[in-house]
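Visitor:
Given below as structure tokens:
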């Protein structure tokens, strides 16, 4: 089959993913998603792959497939063994699918254009059919900032945060094109649409993660342009300002940490996460976790009543333990080491992926479109930079 057919297959797969998340089209969405997932996997058969280019990506199999399999065979995991094996096995498909998509698209721009087209159609369809879309932006922003967690539009999806994350993916794809100076009317319209969807959902994570990622990339770019002496002076000033601010805030409260304020700001997730860690510690589950289960398998067991897994670090501690979390951190550092400072798209997407994972479980999830797209765009940007350097006669990493 030609590459164009696989590209069309990719478009339908993304549409299937988004529809699978929705309320009204989940059945047909799942069928489309799985059908075209297997079509894309067949793309690997016709390609001569250099797997050494994907060693850091293949390393994901270590904490999520190899180690869980060993622990099951060793009798360490005893909760819902079948679900652990099935979910762990799904990571093989996840990694191979990511590689096939990376091989399918030669550059970031092509990937962003095609993926944005595939995202905006099913998202727009659900938004229109829901009839919940509002243009009262001022009120919605005040509710978001004021931590008012009511009247959040779901826009055809079962959870407003799910809708927000889908819109974030689209928003990041548009911003990535802006990095390449592709500021077209179509891209601007899409960016505004994604922003309005995010604001409608009231999802602070969906809004602030890419914004914070942009700010950090901007600061790093500025730091690179100034002289080393000024850079050191600015770094010292920033560190001193942070220390002073923390000291002053503690002193003004009588050296008491405002735990209740932080807990309320996180919608009381902070307290639930502390309770989760205490439960794991008291039951000797901190080291290896309860087993590599997806959220459905985890919360369908009685142990799920005592756990809270609102973000990726906590989820990893619960399922694959501190050992697994350390492996994940090592893989992330490995990926980061491949992203040069000049690779703004890769750095921006990496930062957005990490920031989001501290508030939602979106990192390295084998069934998540968010995890898949962010890994793919990061690796395509790395591959693109490597190709450019090789063409210039420089040594590729």
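Numbering (UniProt numbering), first residue to last: 1 to 397. Think of the CB as a built atom: it goes at the ideal place given N, C-alpha and C, for glycine as much as any other residue. Source: prediction; values computed, not measured.
Give every residue of the same chain whose Cβ lies closer than 7 Å to the Cβ of residue 195, excluding the five residues on either side of it in the sequence, and list them in chain order.
Guide: If you number the chain shown from 1, residue 195 lands on position 195. Answer for residue 195: 171, listed in chain order.
Visitor: Do you know how far the Cα of residue 163 is from the Cα of residue 327?
Guide: Counted from its first residue, the chain shown places residue 327 at position 327. Counted from its first residue, the chain shown places residue 163 at position 163. Rounded to whole angstroms, residue 327 to residue 163 spans 30 Å at the Cα level.
Visitor: Less than 8 Å between C-beta atoms, sequence neighbours within five positions excluded: which residues of the same chain meet that for residue 89?
Guide: Position 89 of the chain shown, counted from the first residue, corresponds to residue 89. Counting only Cβ-Cβ distances below 8 Å, and skipping sequence neighbours, we find 65.
Visitor: Look at the alpha carbon of residue 31 and the alpha carbon of residue 375, and state the distance between them as a whole number of angstroms.
Guide: In the chain shown, residue 31 corresponds to position 31, counting from 1. In the chain shown, residue 375 corresponds to position 375, counting from 1. Going by the C-alpha atoms only, they are around 24 Å apart.
Visitor: Where does residue 344 land, buried or exposed, given buried means 16+ other C-beta within 10 angstroms?
Guide: Stepping through the chain shown from its first residue, residue 344 is reached at position 344. Classification of residue 344: buried, given that the 10 Å Cβ count is 16 or more.
Visitor: Excluding five sequence neighbours on each side, which residues of the same chain lie with their C-beta closer than 6 Å to the C-beta of residue 347?
Guide: Position 347 of the chain shown holds residue 347. These residues qualify, in order along the chain: 217 and 339.
Visitor: Are the beta-carbon atoms of residue 158 and residue 18 separated by less than 7 Å?
Guide: Along the chain shown, one-based indexing puts residue 158 at 158. Along the chain shown, one-based indexing puts residue 18 at 18. Result no, Cβ atoms of residue 158 and residue 18 do not sit closer than 7 Å.
Visitor: Residue 362 and residue 57 look like a contact to me (Cβ under 8 Å); what is the Cβ gap, rounded to whole Å?
Guide: As a position in the chain shown, residue 362 is number 362, starting the count at 1. As a position in the chain shown, residue 57 is number 57, starting the count at 1. Rounded, the Cβ-Cβ distance is 17 Å, inconsistent with contact.
Visitor: Given that a residue counts as buried once 16 or more other Cβ atoms are within 10 Å of its Cβ, and exposed if not, what is residue 334?
Guide: Within the chain shown, numbered from 1, the residue matching residue 334 stands at position 334. Burial call: exposed.
Visitor: Helix, strand or coil: which one does DSSP assign to residue 74?
Guide: As a working note, residue 74 is residue 74 in the chain shown. Reduced to three states, the DSSP call for residue 74 is coil.
Visitor: If I measure Cβ to Cβ from residue 183 and keep anything under 6 Å in the same chain, skipping five residues before and after, which residues do I get?
Guide: The count along the chain shown starts at 1 and reaches residue 183 at position 183. Here the set comprises nothing.
Visitor: Would residue 139 be called buried (16 or more neighbouring beta carbons within 10 Å of its own) or exposed?
Guide: Residue 139 sits at position 139 when you count from the first residue of the chain shown. That one is exposed.
Visitor: I want to know whether the stretch 105 to 118 touches the stretch 319 to 326 - three or more CB-CB distances under 8 Å.
Guide: They do not touch, by the three-pair rule.
Visitor: Any idea if residue 152 is buried or exposed, counting beta-carbon neighbours within 10 angstroms, 16 or more meaning buried?
Guide: Locating residue 152 in the chain shown gives position 152, counting from the first residue. With 16 or more Cβ atoms within 10 Å of its Cβ, residue 152 is classed as buried.
Visitor: Pick helix, strand or coil for residue 434, following the three-state DSSP scheme.
Guide: Because the chain in this structure spans residues 1 to 397, residue 434 falls outside the shown range and cannot be described.
Visitor: Taking only three categories from DSSP, how would you classify residue 187?
Guide: What you label residue 187 is simply residue 187 of the chain shown in a count that begins at 1. Correct three-state label for residue 187: helix.
Visitor: Is it buried or exposed for residue 281, if we count other Cβ within 10 angstroms and need 16 for buried?
Guide: By one-based count along the chain shown, residue 281 stands at place 281. Exposed, because fewer than 16 other Cβ atoms sit within 10 Å of the Cβ of residue 281.
Visitor: Go to residue 127, then tell me how far its alpha helix (DSSP H) extends in each direction, as first and last residue.
Guide: Position 127 of the chain shown, counted from the start, is the residue given in the question as residue 127. Its alpha helix (DSSP H) spans residues 108 to 130.
Visitor: Compute the beta-carbon to beta-carbon distance between residue 81 and residue 72, rounded to the nearest angstrom, for a pair I have assumed lies under 8 Å.
Guide: Position 81 of the chain shown, counting from 1, holds the residue named residue 81. Position 72 of the chain shown, counting from 1, holds the residue named residue 72. Indeed they touch by this definition, with Cβ atoms about 6 Å apart.
Visitor: Are the CB atoms of residue 411 and residue 134 nearer to each other than 7 Å?
Guide: A question about residue 411 goes unanswered here, because the residues of the chain that appear run from 1 up to 397.
Visitor: I need the straight-line Cα distance from residue 464 to residue 7, nearest angstrom please.
Guide: There is simply no residue 464 to check, as the chain begins at 1 and stops at 397 in what is shown.
Visitor: What three-state label does DSSP hand residue 59 in the structure shown?
Guide: Locating residue 59 in the chain shown gives position 59, counting from the first residue. Coil.
Visitor: Could you pull out every residue in the same chain whose Cβ sits closer than 7 Å to the Cβ of residue 289, ignoring the five residues on either side in sequence?
Guide: Sequence index remark: in the chain shown, residue 289 carries index 289 (1-based). Excluding residues within five positions, the ones whose Cβ falls inside 7 Å are 317, 318, 319, 320, 321 and 324.
Visitor: Specify the secondary structure class of residue 103 as computed by DSSP and reduced to three states.
Guide: Translated into positions along the chain shown, residue 103 becomes position 103. Looking at residue 103 - three-state DSSP - the assignment turns out to be helix.
Visitor: Would you identify the three-state DSSP class for residue 342, choosing helix, strand or coil?
Guide: Here residue 342 refers to the residue found at position 342 of the chain shown. Residue 342: coil per DSSP, three-state reduction.
Visitor: Which same chain residues, not among the five before or five after residue 398, have their C-beta less than 8 Å away from its C-beta?
Guide: No answer is possible for residue 398: the residues shown for the chain start at 1 and end at 397.
Visitor: Alpha carbon to alpha carbon, what distance is there between residue 351 and residue 271?
Guide: Mapped onto the chain shown, residue 271 falls at position 271. Mapped onto the chain shown, residue 351 falls at position 351. Taking the straight line from one Cα to the other gives about 26 Å.
Visitor: Between the Cα of residue 189 and the Cα atoms of 124, 273 and 364, which residue gives the shortest distance?
Guide: The residue given as residue 189 occupies position 189 in the chain shown. Out of 124, 273 and 364, 124 has the C-alpha closest to the C-alpha of residue 189.
Visitor: Looking at the structure shown, is residue 161 part of a helix, part of a strand, or coil, going by DSSP?
Guide: Here residue 161 corresponds to residue number 161 of the chain shown, with the count starting at 1. Residue 161 falls in the helix class under three-state DSSP.
Visitor: In the DSSP assignment, the alpha helix (DSSP H) including residue 26 goes from what residue to what residue?
Guide: Translated into positions along the chain shown, residue 26 becomes position 26. Counting along the chain, the alpha helix (DSSP H) containing residue 26 begins and ends at 26 to 41.
Visitor: Between residue 283 and residue 87, is the Cβ-Cβ spacing less than 7 Å?
Guide: On the chain shown, position 283 is the one that residue 283 refers to. On the chain shown, position 87 is the one that residue 87 refers to. It is not a contact, given that the beta carbons lie outside the stated cut-off.
Visitor: Are the Cβ atoms of residue 355 and residue 203 separated by less than 7 Å?
Guide: Residue mapping note: residue 355 aligns to position 355 of the chain shown, counting from 1. Residue mapping note: residue 203 aligns to position 203 of the chain shown, counting from 1. No, the pair does not count as a contact, with Cβ atoms beyond the cut-off.
Visitor: Once DSSP output is grouped into helix, strand and coil, what is the label at residue 289?
Guide: Counting from 1 along the chain shown, the entry for residue 289 is found at position 289. Residue 289: coil per DSSP, three-state reduction.
Visitor: How many angstroms separate the CA atom of residue 141 from the CA atom of residue 206?
Guide: The sequence position of residue 141 within the chain shown is 141, counting from 1. The sequence position of residue 206 within the chain shown is 206, counting from 1. For residue 141 and residue 206, the distance between alpha carbons rounds to 13 Å.
Visitor: Are the CB atoms of residue 366 and residue 10 nearer to each other than 7 Å?
Guide: Here residue 366 refers to the residue found at position 366 when the chain shown is read from its first residue. Here residue 10 refers to the residue found at position 10 when the chain shown is read from its first residue. Result no, Cβ atoms of residue 366 and residue 10 do not sit closer than 7 Å.
Visitor: Mind checking which residues open and close the alpha helix (DSSP H) that includes residue 321?
Guide: Along the chain shown, read from residue 1 onward, the residue named residue 321 stands at position 321. Counting along the chain, the alpha helix (DSSP H) containing residue 321 begins and ends at 312 to 337.
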